[in-house]
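A.B. asks:
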Amino acid sequence: MLKLEDVSVFYDGIHALQGVSIDVPEGKIVSLIGANGAGKSTTLKSIVGLVRPASGSISWHGREISAAQTKDIVRRGIVLVPEGRRVFPNLTVEENLALGAYSRTDRSEVKKDREMVYDLFPRLRERINQSAGTLSGGEQQMLAVGRGLMTRPELFMLDEPSLGLAPLIVKMIFEIIREINRKGTTVLLVEQNAHAALEVADMGYVLETGSIILQGVGKELLADDRVRKAYLGEI
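Numbering follows full-length UniProt numbering, with no gaps: position 5 of the sequence shown is 5.
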């Protein structure tokens, strides 16, 4: 479905990605874990065209997209929920969701998807006319995820969805990620919360200073001593 082959990226004067290769099979959850500055966010930005690879290949359904415009990549079915939520604070919940569907013309299906988002996040339905900037951090994350779903993505990428959230909200967000995947959407997840990320993942990759150092089945990586020591705080 999505394949990165030997991708290198220079970002802000740093060799941020150094020959990164990742496979995201259709219908799976793939998690990318690593410390701050490892290159996780840069990987997602390179996929959606926000940064350009210096070398290597990014292909989507077998077609090269590394030179495509971000708007065209989104129209092809790849969507990124960025780190930090990035909701439009002066717009209502409903208006933020409407912007998520800006490129769609199937109005009746958009309405169905909006109801699906409200079913996934009942709290958003309760705050439908509330300005996004007045929502709690957890509610803003729900809105950011919902806005991304309004594009009806084939590949849903999330950058640090649990960052700064209370444990109960984190648990709910990961349950929603599972539910989104069960409904048929492929997920690529970037997370510092290695345990939660690998717990839900079919496949996982460990990124360190711009290079993939480990890869494998999510549960197997969770049991790997190197991962447990470096990312789970175990000795």
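Quick reminder that beta carbons are idealized off the backbone N, C-alpha and C, glycines included. Note that the structure is a prediction, hence the values are computed from the model and not measured.
1. In chain order, what residues of the same chain lie with their CB nearer than 8 angstroms to the CB of GLU115, ignoring the 5 residues before and after it?
2. Using a Cβ distance threshold of 8 angstroms, determine whether the region 220-233 contacts the region 36-55, with at least three qualifying pairs required.
3. Just how far apart, CA to CA, sit GLY137 and GLN215?
4. Do GLY184 and SER31 have their CB atoms nearer than 8 angstroms?
5. If you follow the alpha helix (DSSP H) that SER46 is part of, which residue opens it and which one closes it?
6. Please report the Cβ distance between ASP202 and LYS28, rounded to the nearest whole angstrom; I am assuming they are in contact, meaning their Cβ atoms lie under 8 angstroms.
7. With 16 other CB atoms within 10 Å as the buried threshold, where does residue 237 fall?
8. Just to confirm, is the Cβ distance from ASP113 to LEU163 under 8 angstroms?
9. Taking a contact to mean a Cβ-Cβ separation below 8 angstroms, would you say residue 236 touches ARG147 in this structure?
10. Return the residue from the list ALA194, LEU158, HIS195 that minimises the CA-CA distance to VAL187.
11. Using beta-carbon positions only, say whether ARG86 and GLN141 come within less than 8 angstroms of one another.
12. Once the 5 residues before and after ILE213 are set aside, which same chain residues still bring their CB inside 8 angstroms of it?
13. Taking its Cβ as the centre, do 16 or more other Cβ atoms sit within 10 Å of LYS171, making it buried, or is it exposed?
14. Taking the alpha helix (DSSP H) that ILE177 belongs to, which residues open and close that run?
15. Grab me the residues of GLU64's own chain with a C-beta within less than 8 angstroms of its C-beta, minus the 5 sequence neighbours each way, in chain order.
C.D. replies: So, from the listed chains and residues:
1. Closer than 8 angstroms at the Cβ level, and outside the excluded window around GLU115, lies no residue.
2. no
3. Going from the Cα of GLY137 to the Cα of GLN215 covers about 32 angstroms.
4. no
5. 40-47
6. 4 angstroms
7. Residue coverage of the chain in this structure runs from 1 to 235, which leaves residue 237 outside it and unanswerable.
8. no
9. Outside the displayed range of the chain (1 to 235) lies residue 236, so it cannot be described from this structure.
10. LEU158
11. no
12. VAL206, LEU207
13. exposed
14. Going by DSSP, ILE177 is part of the alpha helix (DSSP H) stretching over 167-182.
15. The residues are SER57, ILE58.
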